[in-house]
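Chains as they are written, first to last, in my numbering: chain A, 156 to 449; chain B, 82 to 532.
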C-alpha cells in the first residue's frame, strides 16, 4: 500500500493560504464583475445587473478584441525571445570579458534596470520625438533624411519603438540571471571538452546550454508573462501621439475599456481572459520545469 | 505530487498576472452629516493641470486656514488622467478628494451618477445668476446644482506678423478668408523652411479642429426624444470637417497623430543651431499660425534672460500677434469653450470644510485674482479684472460665441475612450469623411447615453 506523505503538503500550506487570502477577494470581485453589467453608475453605488456570460460573448465576438489579443501574443513572444537572446549574448560577454570591462557593463546594466519606468520613458520619448528628437537628427546627419518623421504614426514602426524600449528595460535582468547560471558551469568540463577537440560553438550548444537550461526556461517564462501585461510603455507612447485602436495591447485596451470608458464589466471579462491566456501560455513551461526537477 | 506542485506554480503565475488587472474598489459613498463643524477640518482640493498659478494656490491655503484653522492640501492631477482618477477615487469615502475641479465637458458624466454633493442651497450665496450660465447648466441635474463654474478660457489664433506680411496676406475677417490665407502662406513659405505649416494643427487635435464644425453649423451630438445621437454625419458637420481636411492637406504639416500639446514650440523662432558651414538651421520655427488657449502667450515670444539669469519668453508685438478665428457670419467662429467646473465630492466626510473652501473660491477677491492671471472669472461681475490688453480682448471676444461639448451623461466616456482623437486623425489623413463619420457615429452614440 502506498503511504500518503503529509510533510510536503504541510510545507505547501502556508504559501497556498497566503496566495488564496491575497487573491480570493480581487479574483472573486473580478470574476463576479465580469458577469454583470457594471458601469460608472455602479461604480458610484447603484446595484449591478447580472448578465451571465454576456460580457464574455461580447469579448469573443468582437473582431477588434481578437486583433488586440493577436498583437499582444505576438508582441510578448517577439519581445521575450529578443530579450533572452540579447541577454544571453551580454551574459556570455560578461563571462569572457576582463574584470574592468565586466564591471563597466554591470554598472551600465544596473543603471538601466534601476531607472524608474516613467523617467526612462520620458527620455525615450524625447529621443524619438518627431520634431526635435535626437534619433531623427542623427539619421538626418548620417544622410537619411528623417526630418519630421513620426515614428509612432505607423503601427509597425510604433511596435518597433516599443520593442526597443521594452527590450532595453528587461535585458539587464535576463543578462544577470544567465550570467549567474554561467558561473555555475564547471570550467573543468569545458576544458576537458576543449582537449577532446570540441569547437567553441559545440561547447556552447552541447555543454553550456544544457547546464543553464533551467535558468533560461525561468527567465523566458517570466519575460513572456511580463511582456504580455506590458502597460506603462505602451500607454505613454500612445499618449505621445499614436492611433489608439491599432496600437492597443491587452493592458491598455482593458484600461481604456474599464477606467477610461467606464465599462468595468467588459474590462473584468477581458482580465479573466488574460489570466487564462497567461496560464495557457505558461503551462508548457511550468510542466517542463517540473520534469527537470524530477 | 507532481500535479500539486504544478498547480501551486500555476496559482503563483495567476497571482503575478492578476496584479496587473486589479479592478477598482467598490465602496458605497457615505457622507457623514455628523461632521458638521468646519473647524479644523483638513481637506484636499484636486486641481486639474497647471492652469491655476502658484500664487492663487497659496492664497487658497492661507485663507482656508484663516477661516477654519484646518489645512488645505492641493493636489494637481493631469488632464489626461483626470477621468480615470475621478472614476476610481470619487466613490471611495476613505480616499476621495473633498473639492474637485473637473473639465466642464466631463461634469455631466459625474453629476449624473451622483458623484457630487448637492450645493443648490449655496448657489445664490456663491454668485447665483451672475455665474457663467452655460457652465452652471453642465453642473445641473433635475434642477439641482452639483458643480459650478471655476474659470473659463477660450482659444484664439497666434500668428507670426512677419511671415504673414512676407506672404502678402492680411488678417482675415471671415473663416473662408482664413482658410485661404493659411494655404497661401504654406505655399509661399517666405522663409523657405522645410515642412512649413501656414497653420499648424495636429491630426488628433479635435478640441481646436471642432471650431470648423461649429462655424459651419455642425455639432458633435444632439438630444432628441430622450436620446443622444452622435451627429458626425450631419451635412453641416461634414462641411466643417471637409474644410479642416483641406487645411490639413494644404496648410498644415503637423503629424496626423499630434494632439493639442504645446503648439507654441513651432511658432517661436529660437532654438536655432549653427551648422559647421556657418549656416543656421531653425529647428523650432516651422508654423506661421497656431490655435491655443489664451494663457499660451506666456510661452510665446523672443528668448531673453530675466533678472535671475533664466531664459524666459518675452512677447514681441512686432513679430507676434493674436486674432480671433472669424466666422462667416460676422461673429467670431464658435470655438470650444475651455475651462472647468468645481464641486464637492458626495462621498467626502468633510462637507462643511469643503463648503467653506467654495465660499473662498467664489469670493470677490479670488475671482479678481483669477482674472488678473488671465483665467476668466466664473462671476461676470469680475470679468473686468482680465484687463484690456490684446490677450484679454481676444479672450473675451472669442469666448462671447464659444460653445460647450454635448451635455450628454456619457460625454466623459467618449473623451476617455479617445475615439474622437482617432476620428479626427483619420480625417486629417485624407480618409473618406462620410464613411468615417458613419463608422464613428455608430461607436459614439451608445457611449453618449451612458449605457
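For every residue, glycine included, the Cβ atom is placed at its ideal position computed from N, Cα and C. Source: prediction; values computed, not measured.
Can you tell me where the beta strand (DSSP E) with residue i in it begins and where it stops?
i, result
"residue 303 (chain B)", "302 to 305"
"residue 419 (chain B)", "419 to 425"
"residue 371 (chain B)", "370 to 374"
"residue 181 (chain B)", "180 to 184"
"residue 498 (chain B)", "Premise fails: residue 498 (chain B) lies in the alpha helix (DSSP H), 492 to 498, not in any beta strand (DSSP E)."
"residue 383 (chain B)", "383 to 386"
"residue 403 (chain B)", "401 to 404"
Say whether chain A places a C-beta atom closer than 9 Å to the C-beta of residue i.
i, result
"residue 102 (chain B)", "With a pLDDT of only 43 at residue 102 (chain B), under the threshold of 50, the placement of this residue in the model should not be trusted; the figure read from the coordinates follows. At least one chain A Cβ lies under 9 Å of residue 102 (chain B)."
"residue 276 (chain B)", "yes"
"residue 161 (chain B)", "yes"
"residue 466 (chain B)", "no"
"residue 340 (chain B)", "yes"
"residue 164 (chain B)", "yes"
"residue 421 (chain B)", "no"
"residue 196 (chain B)", "yes"
"residue 126 (chain B)", "no"
"residue 175 (chain B)", "no"
"residue 292 (chain B)", "no"
"residue 430 (chain B)", "no"
"residue 515 (chain B)", "no"
"residue 493 (chain B)", "yes"
"residue 190 (chain B)", "yes"
"residue 334 (chain B)", "yes"
Is residue i close to chain B, meaning its C-beta is less than 9 Å from at least one C-beta of that chain?
i, result
"residue 452 (chain A)", "Absent from the structure is residue 452 (chain A), since the part of chain A shown begins at 156 and ends at 449."
"residue 388 (chain A)", "no"
"residue 307 (chain A)", "yes"
"residue 294 (chain A)", "no"
"residue 200 (chain A)", "yes"
"residue 194 (chain A)", "yes"
"residue 303 (chain A)", "yes"
"residue 221 (chain A)", "no"
"residue 281 (chain A)", "no"
"residue 439 (chain A)", "no"
"residue 285 (chain A)", "yes"
State buried or exposed for residue i, treating a residue as buried only when at least 16 other CB atoms are found within 10 Å of its CB.
i, result
"residue 219 (chain B)", "buried"
"residue 327 (chain B)", "exposed"
"residue 373 (chain B)", "buried"
"residue 393 (chain B)", "exposed"
"residue 528 (chain B)", "buried"
"residue 432 (chain B)", "buried"
"residue 306 (chain B)", "exposed"
"residue 221 (chain A)", "exposed"
"residue 235 (chain B)", "buried"
"residue 115 (chain B)", "Confidence in residue 115 (chain B) is poor, its pLDDT being 43 and thus under 50, which makes the residue's placement too unreliable to answer from."
"residue 143 (chain B)", "exposed"
"residue 205 (chain A)", "exposed"
"residue 105 (chain B)", "Low per-residue confidence applies at residue 105 (chain B): pLDDT is 41, beneath 50, and the placement is therefore not dependable, though the value from the model is reported in the following sentence. So residue 105 (chain B) counts as buried."
"residue 315 (chain A)", "exposed"
"residue 121 (chain B)", "exposed"
"residue 102 (chain B)", "Its pLDDT being 43, under 50, residue 102 (chain B) is placed unreliably in this model, and the coordinates cannot settle the point."
"residue 448 (chain B)", "buried"
"residue 403 (chain A)", "buried"
"residue 297 (chain B)", "buried"
Where DSSP assigns a beta bridge to residue i, which residues make up the other side?
i, result
"residue 483 (chain B)", "Note: residue 483 (chain B) sits in no beta bridge, so no partner."
"residue 124 (chain B)", "B:153"
"residue 381 (chain A)", "According to DSSP, residue 381 (chain A) bridges with nothing at all."
"residue 311 (chain B)", "B:302"
"residue 204 (chain A)", "A:192"
"residue 457 (chain B)", "B:233"
"residue 533 (chain B)", "Because chain B here runs from 82 to 532, residue 533 (chain B) falls outside it and cannot be looked at."
"residue 165 (chain B)", "For residue 165 (chain B), which the question treats as bridged, DSSP gives no partner whatsoever."
Which stretch, first to last residue, makes up the alpha helix (DSSP H) that contains residue i?
i, result
"residue 395 (chain B)", "Element bounds for residue 395 (chain B): not the alpha helix (DSSP H) but the beta strand (DSSP E), 392 to 395."
"residue 452 (chain B)", "445 to 453"
"residue 169 (chain A)", "162 to 189"
"residue 431 (chain B)", "Residue 431 (chain B) -> no alpha helix (DSSP H), and no H or E assigned at all."
"residue 389 (chain B)", "It is not in any alpha helix (DSSP H) - residue 389 (chain B) carries neither H nor E in the DSSP assignment."
"residue 401 (chain A)", "399 to 402"
Ordered list of alpha helix (DSSP H) runs contained in the stretch 249 to 327 of chain A, each at least 4 residues: Runs of the alpha helix (DSSP H) inside the stretch 249 to 327 of chain A: 254 to 269, 272 to 282, 289 to 296.
Mind pulling the alpha helix (DSSP H) runs of 4 or more residues that sit fully within the stretch 196 to 253 of chain B? The qualifying runs are 214 to 219, 242 to 247.
Closer than 7 Å, Cβ to any Cβ of chain E: which residues of the stretch 392 to 423 of chain A, in chain order? Any reference to chain E falls outside this structure, whose protein chains are A and B.
Along the chain, which unbroken stretches of the alpha helix (DSSP H) at least 4 residues long are found entirely within the stretch 499 to 531 of chain B? If we require 4 residues or more, the alpha helix (DSSP H) runs fully inside the stretch 499 to 531 of chain B come out as 500 to 509, 514 to 529.
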